[in-house]
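With full-length UniProt numbering, the residue at position 305 of the sequence shown is 305, and numbering never jumps. Here is the structure we will look at.
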Amino acid sequence: MTQKAILIILPVIFLAVYLYTAIRLYKLMPDITLIKIIVPTIFLLGIISMVIFFTLSEKLSLQLAGQLYSFSTGWLVAFLYLFIGVLLIDFFRLSNHIFHFIDNGTVYRIFTNNTTTSLIVLGVVSLILAYGNLLYHNKKRQHINIESDKISEPVKIVGISDLHIGYTISAKEVDKWVELINSEKPDIVIIAGDIIDNHLRPLINDSTESVLKKITSNMGVYACTGNHDMMFAINEDPDFYDRAGITLLRDRHINLNGITIIGRDDHSNRGRKKLNDIMEQVDRSSFTILLDHQPLKLEEAMENSINFQFSGHTHRGQIFPISLIADKIFEVSHGYLRKSNTHYFVTTGIGIWGGKFRIGTRSEYLVIELHPSS
């Protein structure tokens, strides 16, 4: 199937599922005029707000654009769980039609214009979303130790990824992350891409660069690009990263007292350099850290004798059951992996895309402690 065909089929499938969920939920709700108006209105606004944001966001006021983005992306998560709810109901109805657990009249009354069932479905979805929002704001500290004969003295590194700063994640929220990072007293801070969610406008308005610049580390802050950085920010103002105190490594490397940090441009840049070409200029006697946003072709790092690769991008799907899909797509969608002498860590990210919900996944930052071999 061609990419063009996929781009046509996927929206058609989504709209079909969207319409199915709206109709089934409408029939489930009690036969009260106000409720019968509210349900289709919310479904309609969910689609309209998304279209308006992604086509006109730069022409709207920052406040309105932010509200549209927050509502539309948050609604997508709510819609997913409403879809699962009505799908489970219809699965039960079909099973009962085949196996006759209870009489069909009772089933009809329970799942048609029923206030109690409606409250249960909406209540469960609301609790899931509330729990997911709490999990998002509860940042988890991940920790790994790596020993190497290339390390002469202990080095502490904090790694973050997928900040997605923009219309929903503000400088005020980022300031709390900076406090977490600085409390670790790191020697180096590394960022595996997607610092910026889409356009730079909300970050400039928020003076976000001054907040990021408060990150303190002995040897600096280093980042690679992510697919979201590449969409707009790089072309809008490539100096933003410098003003934020971040050294952006685009297919290049930097040596820091025996530790070499290599930053690759994101995989979405088809013209990015091959890793083995970048490594031709690298001192392989140093401890090498590769920043590569998308955890694809992990064997390349091993083949080039990289000591540690740090990636993000996956978010591990952000929410269940999308996390199951992420697990199938990537060799490792979250966590630690070792291949030969190469260590890998794929983080779910400290920030998030869209609605602020973590369901079955976590928001996190990584602390890496490098030690000389015993």
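A virtual CB, placed ideally from N, CA and C, is assigned to each residue, including glycine.
If distances are taken between C-alpha atoms only, which option among the options comes closest to residue i?
i    : options                   : result
T348 : I9, Y20, G159 and L82     : G159
H137 : T116, W177, S161 and P154 : W177
V107 : I120, F92 and T115        : F92
I359 : K339, R270, G74 and D242  : G74
I157 : K297, H164, L291 and W353 : L291
G166 : A244, I215 and L200       : L200
S70  : L366, K356, H143 and T208 : K356
I329 : K36, P295 and L19         : P295
K185 : M219, N257 and Y241       : M219
E173 : S152, V86 and D206        : D206
L212 : T168, D90, D175 and I234  : D175
S72  : V86, I47 and I6           : I47
H58  : E236, N104, K4 and S333   : According to the sequence provided, residue 58 is Glu. The question's His does not apply to it. For the residues E236, N104, K4 and S333, the minimum Cα distance to E58 belongs to E236.
Once the 5 residues before and after residue i are set aside, which same chain residues still bring their CB inside 7 Å of it?
i    : result
N255 : D283 and S286
I89  : F111
A171 : D206, S207, T208 and V211
H228 : H164, D194, I196, D197 and N198
Roughly how far, in whole angstroms, is the beta-carbon of residue i from the beta-carbon of residue j, given that I think they are within contact range, below 8 Å?
i    : j    : result
K139 : I368 : With 8 Å as the limit, K139 and I368 do not qualify as a contact, their Cβ atoms being about 16 Å apart.
G271 : L249 : That pair is no contact at about 16 Å.
F308 : I146 : 6 Å
N133 : P30  : About 27 Å separates the two Cβ atoms, so there is no contact after all.
P154 : L370 : 7 Å
G245 : I215 : 6 Å
N269 : M230 : 6 Å
Beta carbon of residue i, beta carbon of residue j: below 8 Å?
i           : j    : result
V221        : I261 : no
L76         : G354 : yes
V189        : S217 : yes
T314        : A326 : yes
I352        : S363 : yes
residue 378 : S161 : Outside the modelled stretch of the chain, which goes from 1 to 374, sits residue 378, for which no answer is possible.
G226        : H293 : yes
L28         : S118 : yes
A78         : L129 : yes
S373        : S148 : yes
S49         : L19  : no
Leaving out five residues before and five after residue i in sequence, what residues of the same chain have Cβ atoms less than 6 Å from its Cβ?
i    : result
A22  : F43
L135 : R358
H253 : T260, I262 and V282
R243 : E209
N182 : T216
M279 : N304
A233 : I196 and L200
G66  : Y167
I13  : none
Apart from the five residues just before and just after residue i, which ones in its own chain have a Cβ nearer than 8 Å to its Cβ?
i    : result
L82  : T21, L25, V121 and V125
K273 : D251, R264 and D265
E331 : P295, L298 and L337
F345 : Q142, I144, G159, F308, Q309, F310, S311, G335, Y336, L337, L366 and I368
K150 : G258, S285, S286, F287 and N307
K36  : Y26 and M29
Y241 : I195, A223, T247 and L248
With a 10 Å radius around its C-beta and 16 neighbouring C-beta atoms as the bar for buried, classify residue i as buried or exposed.
i    : result
A16  : exposed
A223 : buried
P202 : buried
G123 : exposed
Y131 : exposed
F53  : buried
D187 : buried
F99  : exposed
G312 : buried
T33  : exposed
H343 : buried
F111 : buried
R316 : buried
Q63  : exposed
V51  : exposed
H164 : buried
T41  : exposed
H97  : exposed
I169 : buried
G85  : buried
T361 : buried
I8   : exposed
S333 : buried
S152 : exposed
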